[in-house]
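Peer 1: The sequence shown begins at 548 in the working numbering and counts up by one.
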Amino acid sequence: MDRLEAMSLFVAAVEAGSLSATARRFGMPLATVSRKVSELERHLNTRLLNRSARRLTPTAAGQAYLAACRRILDEVGEAERAAAGEYSAPKGELVVTAPIVFGRLHVLPVVADFLAAYPEVDIRLTLSDQITQLVDEHIDLAVRIGDLPDSSLVAIRVGAIRRVVCASPPYLAAHGTPQTPEDLAAHSCVTFDNLSAPATWLFAGGKSEITVPVHSRLRVNTAEAAIDAATAGVGLTKVLSYQVAAAMRSGALQAVLREFEPPPWPVSLVHAGQGLLPVKLRAFLDFAAPRLKERLTQAMW
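1. Do you know whose CA, among Q845, D549 and H818, lies nearest V701's CA?
2. Rounded to whole angstroms, what is the Cα-Cα separation between M543 and E586?
3. Which whole runs of the beta strand (DSSP E) in the stretch 719-763 are 3 residues long or more, in chain order?
4. Go to A689, then tell me how far its alpha helix (DSSP H) extends in each direction, as first and last residue.
5. With H, G and I counted as helix, E and B as strand and the rest as coil, what does DSSP make of A708?
6. Suppose the cutoff is 6 angstroms on Cβ atoms and the five residues either side in sequence are ignored; what does the same chain contact list for R709 look like?
7. Identify, in the order they occur along the chain, each residue of the same chain with its Cβ nearer than 8 angstroms to the Cβ of V814, setting aside the five sequence neighbours on each side.
8. Does the separation of the CB atoms of K583 and L566 fall below 7 angstroms?
9. When burial is assigned at 16 or more other CB atoms within 10 Å of the CB, is H521 buried or exposed?
10. Cβ atoms of V711 and A802: under 7 angstroms apart, would you say?
11. For the candidate residues A611, G624, A553 and V561, whose alpha-carbon lies nearest to that of R601?
12. Say whether the stretch 726-735 touches the stretch 758-767, bearing in mind that this needs 3 or more beta-carbon pairs closer than 8 angstroms, one atom from each stretch.
13. Taking the C-alpha atoms as reference points, what is the distance between M575 and E552?
14. In this structure, what does DSSP give as the bridge partners for V786?
15. For the stretch 575-605, list the alpha helix (DSSP H) runs that are entirely contained and at least 4 residues long, ordered along the chain.
16. Taking the alpha carbon of A626 as the point to measure from, which residue in P825, R829 and A830 has its own alpha carbon closest?
17. Would the stretch 610-622 and the stretch 640-647 be scored as touching if the rule is three or more Cβ pairs under 8 angstroms?
18. What are the boundary residues of the alpha helix (DSSP H) that includes E684?
19. Have a look at R589 and T569 and give me their C-alpha separation to the nearest angstrom.
20. For C713 and L681, what's the separation of their Cα atoms in angstroms?
21. Closest by CA to Y665, which one among I678, L695, A846 and A835?
22. Specify the secondary structure class of E640 as computed by DSSP and reduced to three states.
Structure representation (structure tokens):
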């Protein structure tokens, strides 16, 4: 039995929740994957997986063995990367994740420039607004917006973004410019599900925060739609500064209630930081950090 292969199949089966998905990932027949996992269980003389019609889940023994397998496979992978020269020259694949809109507007251009500068590095860029687990999902680097929880991850701050209330000049001319958050009660608003609760908006009020109800004339699920609707004069909207920077610079939208904005959210490059960093990751950090800082400075207008 190839112990490392069996460990890899077991870890993949737990992560995918099924043997069939594991078989597709490794390009193996389902029967082969099932046999190899069963051989591993017989070798250990214990059951590692609970098998049901819906999903595979690890047993108590399987949970402990899963953690050990991940550690062993990571160490083997690191040894192979070192032997292949990944720690002496930037080469290999780098896996990066970022929020969808921020990634498209700011991370992707930096990635394109990096690829031109480092022809031996390939990048897999995943844009998602879901928080991913770097170690479990084998991600080298994540771009995170917002305060970070305490963890073993290493974070490099590259800037900050604001939460901005804005509207089109024609709307403000017709309905007046709100002077305090409470004035929003008399205004139409375009709310964006992913940023905050649709019925209330958060503002800074001295040393505390205040929450005010808003009338949602239009509720959307993307920042682009909220910005387009506000530009069309539907009402005020609240989005992130980088999302609306172009509309602000062109004069299509105008910021209001600036003195009541909550504290900016930090933008960070986050990585696991365990052991010696591969040169490809260090090269990307050194390349991307100053460029993202510059782009975010420009986006703060």
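Yeah, the Cβ is synthetic: ideal placement off N, Cα and C, and Gly gets one too.
Peer 2: Per the coordinate set shown:
1. Start at 1 with the first residue of the sequence shown, and residue 701 comes out as number 154. Nearest C-alpha to V701: H818.
2. As shown, the chain starts at 548 and ends at 848. That puts residue 543 outside it, with no answer to give.
3. 735-739, 747-752 and 755-760
4. Sequence index remark: in the sequence shown, residue 689 carries index 142 (1-based). It is not in any alpha helix (DSSP H) - A689 instead sits in the beta strand (DSSP E) that spans L688 to I692.
5. Along the sequence shown, read from residue 1 onward, the residue named residue 708 stands at position 161. In the sequence as presented, Ala is not what sits at residue 708; that position holds Ile. Three-state DSSP puts I708 in a strand.
6. As a working mapping, residue 709 is identified with position 162 in the sequence shown. Contacts found: S788, E808 and P811.
7. Locating residue 814 in the sequence shown gives position 267, where the first residue counts as 1. Excluding positions up to five away in sequence, the list reads F649, V690, R691, I692, R704, V705, G706, A707, I708, L839 and L843.
8. Position 36 of the sequence shown, counted from the start, is the residue given in the question as residue 583. Position 19 of the sequence shown, counted from the start, is the residue given in the question as residue 566. No.
9. The requested residue 521 does not occur in the structure, where the chain is confined to residues 548 to 848.
10. Here the question's residue 802 lines up with position 255 in the sequence shown. Here the question's residue 711 lines up with position 164 in the sequence shown. Cβ distance < 7 angstroms, so A802 and V711 count as in contact.
11. To locate residue 601, count along the sequence shown from 1; it is residue 54. Of the candidates A611, G624, A553 and V561, the one whose C-alpha sits nearest the C-alpha of R601 is V561.
12. yes
13. Taking the sequence shown and counting its residues from 1, one reaches residue 575 at position 28. Taking the sequence shown and counting its residues from 1, one reaches residue 552 at position 5. When rounded, the distance between both Cα atoms is 12 angstroms.
14. Sequence index remark: in the sequence shown, residue 786 carries index 239 (1-based). Looking at the DSSP assignment, V786 forms a beta bridge with V711.
15. 577-591
16. Counting from one through the sequence shown, the residue named residue 626 turns up at place 79. Minimum Cα distance to A626 is reached at P825.
17. no
18. For the purposes of this step, residue 684 is taken as residue 137 along the sequence shown, with counting starting at 1. Premise fails: E684 is in no alpha helix (DSSP H) and is neither H nor E.
19. By one-based count along the sequence shown, residue 589 stands at place 42. By one-based count along the sequence shown, residue 569 stands at place 22. Answer to the nearest angstrom: the Cα atoms are 20 angstroms apart.
20. Locating residue 713 in the sequence shown gives position 166, counting from the first residue. Locating residue 681 in the sequence shown gives position 134, counting from the first residue. C713 and L681: Cα-Cα distance of roughly 35 angstroms.
21. Counted from its first residue, the sequence shown places residue 665 at position 118. Closest by alpha carbon: A835.
22. Counted from its first residue, the sequence shown places residue 640 at position 93. The answer is strand: DSSP assigns E640 an E or B state.
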